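K.L.:
2 protein chains.
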Amino acid sequence: MTRPIIGRVVPGQWRSTGAPAPHREPGTARIAVDLLGGDHAPAVVVDGALRAAEDDPALHLTLVGPADAADAVLDALRPAQRHRITVVPGGTTAEAVAAGHADALVSAGDTAVTVVSAARALGRWPGIRRPPLAAVLPTAAGRLVLLDVGSTVDPDAETLATHARLGAAYATAVHALPDPRVGLLTIGTERGKGDRLRRAAARLLEDLPLRYAGLVEGSDVVLGAAADVVVTDGFTGNVLLKALEAVHGTRKADETRAAVLLGVRGVVVVCHGAATGPDLANGIAFAADLHRHRRIDVVQRGIA
Amino acid sequence: MTRPIIGRVVPGQWRSTGAPAPHREPGTARIAVDLLGGDHAPAVVVDGALRAAEDDPALHLTLVGPADAADAVLDALRPAQRHRITVVPGGTTAEAVAAGHADALVSAGDTAVTVVSAARALGRWPGIRRPPLAAVLPTAAGRLVLLDVGSTVDPDAETLATHARLGAAYATAVHALPDPRVGLLTIGTERGKGDRLRRAAARLLEDLPLRYAGLVEGSDVVLGAAADVVVTDGFTGNVLLKALEAVHGTRKADETRAAVLLGVRGVVVVCHGAATGPDLANGIAFAADLHRHRRIDVVQRGIA
Chain X
1 MTRPIIGRVV PGQWRSTGAP APHREPGTAR IAVDLLGGDH APAVVVDGAL
51 RAAEDDPALH LTLVGPADAA DAVLDALRPA QRHRITVVPG GTTAEAVAAG
101 HADALVSAGD TAVTVVSAAR ALGRWPGIRR PPLAAVLPTA AGRLVLLDVG
151 STVDPDAETL ATHARLGAAY ATAVHALPDP RVGLLTIGTE RGKGDRLRRA
201 AARLLEDLPL RYAGLVEGSD VVLGAAADVV VTDGFTGNVL LKALEAVHGT
251 RKADETRAAV LLGVRGVVVV CHGAATGPDL ANGIAFAADL HRHRRIDVVQ
301 RGIA
Chain Y
1 MTRPIIGRVV PGQWRSTGAP APHREPGTAR IAVDLLGGDH APAVVVDGAL
51 RAAEDDPALH LTLVGPADAA DAVLDALRPA QRHRITVVPG GTTAEAVAAG
101 HADALVSAGD TAVTVVSAAR ALGRWPGIRR PPLAAVLPTA AGRLVLLDVG
151 STVDPDAETL ATHARLGAAY ATAVHALPDP RVGLLTIGTE RGKGDRLRRA
201 AARLLEDLPL RYAGLVEGSD VVLGAAADVV VTDGFTGNVL LKALEAVHGT
251 RKADETRAAV LLGVRGVVVV CHGAATGPDL ANGIAFAADL HRHRRIDVVQ
301 RGIA
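Protein chains in written order, with UniProt numbering: chain X, 1 to 304; chain Y, 1 to 304.
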């Protein structure tokens, strides 16, 4: 199944030394990972990559980072590990995907940098100006898509409406919900509650061709009974996500602690800056799943 | 200790029928409670009042609401209960406090209505334009003051700076922290992170005469290690509070699920709209404690 990639590749050329370049195989997923992304990089990135490679024999990993960091990692890998993990000095993970050398990217680096670099290298979908990050949260009722969780601060109401459509398409494509309920996160569920942005967005959401579940509150994101998709600005969403991750962090470790960028031509997974090795491995597995099932393509078709 | 208050009082006159009007006694706390406040009023309000009265023999409770609701409650009370609970038809809890008939008010009703009515009837402190609601959250490290949790949506940076001072004064007065660390809630802890409001507020907070702990994230509100007081806008604070309450609701019931209004001349405690009888009882006990120890006066002196 897997094709060994031995040694390091030459910067800018994206080929491994002494081995044929990888090509797409059914089931194989080639994931580019940001070597210096995250508070504890590169150690946790290498740890996460090794864990992911061990868990999934059809995974090829390309760690992308500055030459000196890449060299250090390369020297530390055992020959058996080099068969599965390529280290690429220079460039960005998004460039690796854009050049066809990887199927998806994972980064625990600065979210804004990752989003901008991915949108630039891969391109946005038609009609998407500000691609949101969507996170999947465990709830008492199952799971829930929360977006945006940090890509777009200070959005306007039109952006929230676009994000609502993207979130609904994601829930349909990935969570197999044919008609997901979409709620607008606010404070108080009576009509007219919330701040200026929410009052304007509520009016737009009511007119969208989706199942608008109305105004929901912070508790609904935890309980999950009121909506399958919850839309908010990237500031509130990020604050809420990090708080809930901190709560869950003390309780369970088996859930995906990563977010996916929607509205960009490619699979882009963002991990928390404080991600651990297992978190990175989890994000890599998430990216591989999105790629293998062409889920992002299905989302795009869903809103087209 | 307690002076019985029998029967109902005449609207507008605030005296009980057949018994002397209560007056201030050391240790006694007279709490006005909004009879129709909350999603499950008046049932949970009466339940909460009875629980609070049972727990604390030095408590006098005045339930304030429309005549028909008040009559129904009065009829349902047993004579022994009427000794401790007065039902007042008409007016607001804030008017009861302003008139000197109660020492503090508790409401699970619409937050905006309670805040406006309290500010109007009781008056604001000098220099306080938009009184914030402060909630105390349990954290891994102890407890933390989060404000604003729903009073002020769309604040400006100056309002956040004022709230920072109020929160610090509260932590000093109530949590006995002589020099509490005050953090600004945002997304990402590097300088310059966050939305427009946060970038402007961070510059103001740096110049305040308080121990500014810098930018904190949602996880810090849960963990509590980075700050003793966390300042945010009322929208984000309310979303976060309700989410964490929903998480904690499944785990512990012994903490105060109520917020206190700061910057108004009086003790004003706001409970969640979905408050239960025990939550209301807890809010009433919280209000009694604030009154008995003159904590709000101490907060005001702290920022004067």
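Glycine included, C-beta positions come from ideal geometry on N, C-alpha and C. This one's a predicted model, so the numbers in the text were calculated from it and none came from an experiment.
Could you give the C-beta distance for residue 315 of chain Y and Y/ASP34, rounded to a whole number, given that I count them as a contact under 8 Å?
P.N.:
Only positions 1 to 304 of chain Y appear in this structure, which leaves residue 315 of chain Y out of reach.
K.L.:
Buried or exposed, going by whether 16 or more other CB atoms sit within 10 Å of the CB of Y/ARG78?
P.N.:
Result: exposed.
K.L.:
Just checking: is the beta-carbon of X/THR236 within a distance shorter than 7 Å of some beta-carbon in chain Y?
P.N.:
Yes, its Cβ sits closer than 7 Å to a Cβ of chain Y.
K.L.:
Taking only the alpha-carbon atoms, compute the straight-line gap between Y/ALA29 and Y/ASP103 and give it to the nearest angstrom.
P.N.:
Straight-line Cα distance between these residues: approximately 6 Å.
K.L.:
How would you label X/VAL113, buried or exposed, when you count the other beta carbons within 10 angstroms and need 16 or more for buried?
P.N.:
Per the 10 Å Cβ criterion, exposed.
K.L.:
Distance check for X/ARG265 and X/GLY150, CA to CA, integer angstroms please.
P.N.:
For X/GLY150 and X/ARG265, the distance between alpha carbons rounds to 19 Å.
K.L.:
Check whether the Cβ atoms of X/GLU31 and X/ILE284 sit closer than 7 Å, and answer yes or no.
P.N.:
Checking the displayed sequence, the identity of residue 31 of chain X turns out to be Ile instead of Glu. A contact, by the Cβ cut-off of 7 Å.
K.L.:
How big is the Cα-Cα spacing for Y/PRO66 and X/GLU206?
P.N.:
Rounded to the nearest angstrom, the two C-alpha atoms are 35 Å apart.
K.L.:
Please confirm whether X/VAL44 has its beta-carbon closer than 7 Å to some beta-carbon of chain Y.
P.N.:
Chain Y, which has no Cβ nearer than 7 Å to the Cβ of X/VAL44, makes this no.
K.L.:
Beta-carbon within less than 8 Å of residue 305 of chain X's beta-carbon, same chain only, minus the 5 sequence neighbours each way: which residues are those?
P.N.:
Shown here, chain X extends from 1 to 304; a query on residue 305 of chain X therefore has no answer.
K.L.:
Using 8 Å for Cβ pairs, my map puts Y/THR189 next to Y/VAL216. What's the rounded Cβ distance?
P.N.:
Y/THR189 to Y/VAL216, Cβ: 7 Å. Contact.
K.L.:
Span of the alpha helix (DSSP H) holding X/LEU244?
P.N.:
It spans 234–249 - the alpha helix (DSSP H) in which X/LEU244 sits, taken as one unbroken run.
K.L.:
Do we get a CB-CB distance below 7 Å when we pair X/ARG196 with the residues of chain Y?
P.N.:
It does; some Cβ of chain Y falls within 7 Å.
K.L.:
Can you check whether the C-beta of Y/ALA141 is within less than 7 Å of a C-beta belonging to chain X?
P.N.:
With 7 Å as the cut-off, Y/ALA141 does not count as an interface residue toward chain X.
K.L.:
Are the C-beta of Y/SER107 and some C-beta of chain X separated by less than 7 Å?
P.N.:
Taking Cβ atoms only, chain X never reaches closer than 7 Å to Y/SER107, which makes this a no.
K.L.:
Taking the beta carbon of X/GLY38 as the centre, do at least 16 other beta carbons fall within 10 Å, making it buried, or is it exposed?
P.N.:
Under this definition X/GLY38 is a buried residue.
K.L.:
Work out the CA separation of Y/PRO180 and Y/ARG211 for me, nearest whole Å.
P.N.:
Approximately 6 Å, taken between the alpha carbons.
K.L.:
Which chain Y residues are close to X/GLU158, counting only those with a beta carbon under 7 Å from its beta carbon?
P.N.:
Result: empty, since nearest Cβ-Cβ is about 17 Å, beyond 7 Å.
K.L.:
Thinking C-alpha only, which one of X/GLY91, X/PRO178, X/LEU137 is nearest X/VAL298?
P.N.:
For the residues X/GLY91, X/PRO178, X/LEU137, the minimum Cα distance to X/VAL298 belongs to X/PRO178.
K.L.:
Cβ of X/SER151 less than 7 Å from any chain Y Cβ?
P.N.:
Output row for X/SER151: interface = no.
K.L.:
I need the straight-line Cα distance from X/ALA259 to Y/GLY167, nearest angstrom please.
P.N.:
Rounded to the nearest angstrom, the two C-alpha atoms are 33 Å apart.
K.L.:
Counting contacts by CB-CB distance shorter than 7 Å, is Y/ALA118 in contact with chain X?
P.N.:
Not one chain X Cβ lies under 7 Å of Y/ALA118.
K.L.:
Any idea what DSSP makes of X/GLY302, helix, strand or coil?
P.N.:
Here X/GLY302 sits in helix by DSSP.
K.L.:
Can you pull the DSSP bridge partners for Y/SER107?
P.N.:
Y/VAL270, per the DSSP bridge assignment.
K.L.:
Quick check on the DSSP output: what are the complete beta strand (DSSP E) runs of length 3 or more inside the region 175–216 of chain Y, in order along the chain?
P.N.:
Qualifying beta strand (DSSP E) stretches, in chain order: 181–185, 211–216.
K.L.:
What residues from chain C crowd round X/LEU241, counting only those whose CB sits closer than 8 Å?
P.N.:
The chain inventory of the structure shown lacks chain C, comprising the protein chains X and Y.
K.L.:
Return no unless some Cβ of chain X is closer than 7 Å to the Cβ of Y/VAL222.
P.N.:
Judged by the 7 Å Cβ criterion, Y/VAL222 is in contact with chain X.
K.L.:
Grab the span of the beta strand (DSSP E) containing Y/ASP34 for me, first residue to last.
P.N.:
Note, Y/ASP34: beta strand (DSSP E), 29–34.
K.L.:
With DSSP as the reference, label Y/ALA72 as helix, strand or coil.
P.N.:
It is helical.
K.L.:
Counting only beta-carbon atoms, is X/VAL182 nearer than 7 Å to chain Y?
P.N.:
No, its Cβ sits nowhere closer than 7 Å to a Cβ of chain Y.
K.L.:
Can you look up Y/GLY123 in the DSSP assignment and give me helix, strand or coil?
P.N.:
Note: Y/GLY123 maps to coil in three-state DSSP.
K.L.:
Give the interface partners of Y/VAL247 over in chain X, defined as CB-CB distance under 8 Å, in chain order.
P.N.:
Here the neighbours are VAL222, LEU244, VAL247.
K.L.:
Excluding the 5 residues preceding and the 5 following X/ARG129 in the sequence, name in chain order all residues of the same chain whose CB lies nearer than 8 Å to its CB.
P.N.:
Here the set comprises THR159, THR162.
K.L.:
Output yes if chain X places a C-beta closer than 7 Å to the C-beta of Y/ASP154; else output no.
P.N.:
Closer than 7 Å: yes.
K.L.:
Kindly indicate the opening and closing residues of the beta strand (DSSP E) around Y/THR86.
P.N.:
Run containing Y/THR86: 85–89, per the beta strand (DSSP E) assignment.
K.L.:
How do the region 89–98 of chain Y and the region 116–128 of chain Y stand: do at least 3 beta-carbon pairs fall below 8 Å, yes or no?
P.N.:
Judged by Cβ distances under 8 Å, the region 89–98 of chain Y makes contact with the region 116–128 of chain Y, as three or more pairs qualify.
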